[in-house]
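K.L.:
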Amino acid sequence: MAVASVASKSIKRDIPFAWEGRDKRGARIKGKSLAPDEQTLRAELRRQGVAPSKIRKQKQGRKGGSVNAGDIAVFSRQLATMLAAGIPLVQAFEIVGNGNDKPAMQKLILDVKADVEGGTSLHEALGKHPLYFDDLYVNLVEAGEQAGALESLLDKVATYKEKTEALKKKVKKALFYPAAVLVVAVIVTVVLLIFVIPQFDALYKGFGASLPAFTQFVINISHDVQHYGFYMLVALGGAFWTFFYFKKRSRAMREFLDRLVLKMPVIGPILHKAAIARYARTLSTMFAAGVPLVEALGSVAGATGNIVYEKAVLRMKDEVSTGQRLQRSMESTGLFPNMVNQMIAVGEESGSLDEMSSKVATFYEAEVDNAVDAMSSLLEPLIMVVLGVLVGGLVIAMYLPIFKLASVV
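The sequence shown lines up with residues 191 to 599 when you count with the working numbering.
Right, dumping it as structure tokens:
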């Protein structure tokens, strides 16, 4: 079954439609298009020789809300594959855009296509959407256009996005696991304090005897949670909101947190390796694209994902711009292991900095993967210990009076 597409002549492309119909030969065809309204789309289809039989409006996600970095990575690979197959740029955008299932992503792609059709260069068209295509992405595409090697550069961009997204997922996995354990432990504890401990409290009140200090302490906490739990929840929610509010708006706070997490046991080494992997992967991609080293370091700094590394790379950029070797600048930061410094030195001396940086990136991406798996294995017994201490402590506290009574009898 053929898949056709229609480009609306109107600049406004707000509503995504899916349609079915028959072409001039009577063959059934279907497609997806963006148009201001259904009547405009029907008229455009007829001008294309398509007799529409069914047109339905697709659900439209929030503008930009449903487009994530993973979607951009997939789009980059699809576009690179299309161009490598010899498909013209505008047609490649049309095929990729109309074949996307997300209305917001489809609109983004077709908007870029409309700009390119209007004579705008690809990097300028992408630059109009900085929320999805950052400076690094745009600069790489611009380098490909200027060098007349857009196909190969888009392939490098696609590989870069795939690698960085895979690395982000590994880091998120490393951070999510302990956070999830903590949340589960808190929920279990609160449930016991609200629903189970009061039953024991009512039972022990009939004894008319004093309770062990540990038992009384747990019962007091249960009373506080029952009577002031709502206020505690509001205060906790307010604390989280305040934290994320200032974290988003205060660079000083983000830098403090970035330094803190790098010093944390277990997680800190993983984040160090992830930052080095991102640094090396971005440097390799930029240098392979023919971007000058000093200019490349400016983009590399923002791609490290950590303000500590970002500031260090910016200092390196200043030092390299004055004639100092990259390897010496990296050593002066104290953030890069000796192996990384030596491999970069070899790359500088042999003129293969992009290749050596790629090897460093591949090595540390594998290191992050292994570290996350090792941490997951380490946390499994730790989870049992934490839950055991919390739940077991509450159980022991509730049964202490019974043990005390039995010893007296």
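Using N, Cα and C, we set each Cβ at its ideal position, and we do this for glycine too. On a predicted model such as this, the values are computed, not experimentally measured, just so you know.
#1: Quick one, are the C-beta atoms of D301 and H313 less than 9 Å apart?
#2: Between which two residues does the beta strand (DSSP E) harbouring I245 extend?
#3: Shortest alpha-carbon distance to G513 belongs to which of A370, V536, L483, E500?
#4: Contact defined as beta carbons within less than 8 Å: I believe L543 pairs with F477. What is the distance between those atoms, to the nearest angstrom?
#5: Report yes if the C-beta distance between V550 and I460 is below 9 Å; otherwise report no.
#6: Out of H417, Q416, K501, which one is the CA nearest neighbour of A442?
#7: By DSSP, does K346 sit in helix, in strand, or in coil?
#8: Please classify N528 as buried or exposed, where buried requires at least 16 neighbouring CB atoms within 10 angstroms.
#9: Round the Cβ separation of K353 and R267 to the nearest angstrom and send it over; I've been treating them as touching at under 8 Å.
#10: Just to confirm the assignment, what range does the alpha helix (DSSP H) spanning S412 have?
#11: If we count the other Cβ atoms within 10 Å of its Cβ and call it buried at 16 or more, is S400 buried or exposed?
#12: Cutting at 7 Å between CB atoms, please list the residues of its own chain near A315, excluding the five before and the five after it.
#13: Please state whether the Cβ-Cβ distance between V374 and L231 is less than 9 Å.
#14: Specify the secondary structure class of I277 as computed by DSSP and reduced to three states.
#15: For the 8 Å Cβ check, are there 3 or more pairs between the segment 358 to 366 and the segment 561 to 569?
#16: When we look at the beta-carbon of H462 and count the other beta-carbons within 10 Å, is it buried (16 or more) or exposed?
#17: Going by C-alpha distance, which of V579, A356, F385 is nearest A556?
#18: Counting pairs of Cβ atoms below 8 Å between the segment 335 to 343 and the segment 267 to 279, do you hit three or more?
#19: If we ignore side chains and look at the alpha-carbon of each, how far apart do L423 and S256 end up?
#20: Roughly how far, in whole angstroms, is the beta-carbon of L473 from the beta-carbon of V490, given that I think they are within contact range, below 8 Å?
#21: In this structure, how does DSSP classify S266 when only helix, strand and coil are distinguished?
#22: Would you check if the distance between the CB atom of L330 and the CB atom of K346 is smaller than 9 Å?
#23: Drop a sphere of 10 angstroms on the beta-carbon of Y589, count the other beta-carbons inside from all chains shown, and report buried for 16 or more, exposed for fewer.
#24: Beta carbon of G495, beta carbon of R468: below 9 Å?
P.N.:
Answer, in terms of the structure:
#1: Numbered from its first residue, the sequence shown carries residue 301 at position 111. Numbered from its first residue, the sequence shown carries residue 313 at position 123. Against a cut-off of 9 Å, the Cβ pair of H313 and D301 comes out as no contact.
#2: Here residue 245 refers to the residue found at position 55 when the sequence shown is read from its first residue. Note, I245: beta strand (DSSP E), 241 to 247.
#3: The sequence position of residue 513 within the sequence shown is 323, counting from 1. In terms of CA proximity to G513, L483 leads the group A370, V536, L483, E500.
#4: As a first step, residue 543 is located in the sequence shown; it is residue number 353 there, counting from the start. As a first step, residue 477 is located in the sequence shown; it is residue number 287 there, counting from the start. That pair is a contact at about 5 Å.
#5: Locating residue 550 in the sequence shown gives position 360, where the first residue counts as 1. Locating residue 460 in the sequence shown gives position 270, where the first residue counts as 1. No, the pair does not count as a contact, with Cβ atoms beyond the cut-off.
#6: For the purposes of this step, residue 442 is taken as residue 252 along the sequence shown, with counting starting at 1. Closest by alpha carbon: K501.
#7: On the sequence shown, residue 346 is found 156 positions in, with the first residue counted as 1. K346 carries a helical assignment under DSSP once its states are collapsed to helix, strand and coil.
#8: The residue labelled residue 528 in the question sits at position 338 within the sequence shown. The residue in question, N528, is exposed, as its Cβ has fewer than 16 Cβ neighbours within 10 Å.
#9: Position 163 of the sequence shown holds residue 353. Position 77 of the sequence shown holds residue 267. Not confirmed; about 11 Å, so no contact.
#10: One-based indexing of the sequence shown puts residue 412 at position 222. It spans 403 to 439 - the alpha helix (DSSP H) in which S412 sits, taken as one unbroken run.
#11: For this step, residue 400 is matched to residue 210 along the sequence shown. Around the beta carbon of S400, fewer than 16 other beta carbons lie within 10 angstroms, which makes this residue exposed.
#12: Taking the first residue of the sequence shown as position 1, residue 315 is located at position 125. For A315, same chain residues with a beta-carbon under 7 Å away, outside a window of 5 residues either side, are V302, D305, V306 in chain order.
#13: To locate residue 374, count along the sequence shown from 1; it is residue 184. To locate residue 231, count along the sequence shown from 1; it is residue 41. It is not a contact, given that the beta carbons lie outside the stated cut-off.
#14: Here residue 277 is taken as the residue at index 87 of the sequence shown, counted from 1. In the structure shown, I277 falls within a coil segment according to DSSP collapsed to helix, strand and coil.
#15: Per the Cβ contact rule, the segment 358 to 366 is in contact with the segment 561 to 569 (3 or more Cβ pairs under 8 Å).
#16: One-based indexing of the sequence shown puts residue 462 at position 272. Classification of H462: buried, given that the 10 Å Cβ count is 16 or more.
#17: Numbered from its first residue, the sequence shown carries residue 556 at position 366. Comparing C-alpha distances from A556 to each of V579, A356, F385 shows the shortest one belongs to A356.
#18: Yes, since at least three Cβ pairs between the segment 335 to 343 and the segment 267 to 279 fall closer than 8 Å, the two stretches touch.
#19: By 1-based counting over the sequence shown, the position of residue 423 is 233. By 1-based counting over the sequence shown, the position of residue 256 is 66. Distance between L423 and S256, taken at the CA atoms: about 30 Å.
#20: By one-based count along the sequence shown, residue 473 stands at place 283. By one-based count along the sequence shown, residue 490 stands at place 300. The C-beta distance from L473 to V490 rounds to 5 Å, short enough to fall under 8 Å.
#21: Here residue 266 is taken as the residue at index 76 of the sequence shown, counted from 1. Helix at S266.
#22: Residue 330 sits at position 140 when you count from the first residue of the sequence shown. Residue 346 sits at position 156 when you count from the first residue of the sequence shown. Against a cut-off of 9 Å, the Cβ pair of K346 and L330 comes out as a contact.
#23: Mapped onto the sequence shown, residue 589 falls at position 399. Counting the other CB atoms within 10 Å of its CB gives Y589 a total below 16, which places it among the exposed residues.
#24: Translated into the one-based positions of the sequence shown, residue 495 becomes position 305. Translated into the one-based positions of the sequence shown, residue 468 becomes position 278. In this structure, G495 sits near R468, with a CB-CB distance shorter than 9 Å.
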